[in-house]
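One gets the numbering used here by counting positions in the sequence shown from 1 and adding 122 to each.
Data block below; observations after.
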Amino acid sequence: MQKFIQILCVGLWVFAGHSAKAQTFDYYVLSLSWSPSWCQLTGLKRGAEQCDATRDLRWILHGLWPQHENGWPKFCKTAQPAPTPKELKTMRPIMG
Numbered sequence: 123m124q125k126f127i128q129i130l131c132v133g134l135w136v137f138a139g140h141s142a143k144a145q146t147f148d149y150y151v152l153s154l155s156w157s158p159s160w161c162q163l164t165g166l167k168r169g170a171e172q173c174d175a176t177r178d179l180r181w182i183l184h185g186l187w188p189q190h191e192n193g194w195p196k197f198c199k200t201a202q203p204a205p206t207p208k209e210l211k212t213m214r215p216i217m218g
């Protein structure tokens, strides 16, 4: 647990250097996952490295994600066309 807190503190210190960018977001979500449950439900089927019994992992830091109070912007105009069904099909293997 002490190691987790140390890693969390270092992560927060790194992000503190970028605090000027924080003004574009309302808050951050600290995303953690409990490795034993994830491995049982999904990870073992994928052969995920974190599910190796010799690693004995518990909490995994997934990320610190910026969030908007009222959700993400919607219907943004873009010059990029929406992907075709054929393009989406080719992307499926990399999306899990």
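Think of the CB as a built atom: it goes at the ideal place given N, C-alpha and C, for glycine as much as any other residue.
Compute the beta-carbon to beta-carbon distance between residue i and residue j, rounded to the nearest angstrom, for a pair I have assumed lies under 8 Å.
{"i": "Q189", "j": "L179", "result": "With 8 Å as the limit, Q189 and L179 do not qualify as a contact, their Cβ atoms being about 26 Å apart."}
{"i": "F126", "j": "W181", "result": "6 Å"}
What did DSSP end up calling residue i once you bin it into helix, strand or coil?
{"i": "W187", "result": "strand"}
{"i": "W156", "result": "strand"}
List the endpoints of the continuous alpha helix (DSSP H) containing residue i.
{"i": "P195", "result": "That residue, P195, is in no alpha helix (DSSP H); it is neither H nor E in DSSP."}
{"i": "M123", "result": "Careful: M123 lies outside any alpha helix (DSSP H) and carries neither H nor E."}
Taking 8 Å as the threshold (beta carbon to beta carbon), is residue i in contact with chain B?
{"i": "L134", "result": "Going by chain labels, chain B is absent from the structure shown, which holds only one protein chain."}
Apart from the five residues just before and just after residue i, which ones in its own chain have a Cβ nearer than 8 Å to its Cβ?
{"i": "H129", "result": "A small fix is needed here, since residue 129 is Ile in this sequence, not His. Excluding sequence neighbours, I129 sits near L183."}
Can you check DSSP and say which residues form a bridge with residue i?
{"i": "I129", "result": "None; I129 has no bridge partner."}
{"i": "I182", "result": "S155"}
CB-CB under 6 Å to residue i, same chain, minus the five flanking residues each way: which ones, in chain order?
{"i": "Q162", "result": "none"}
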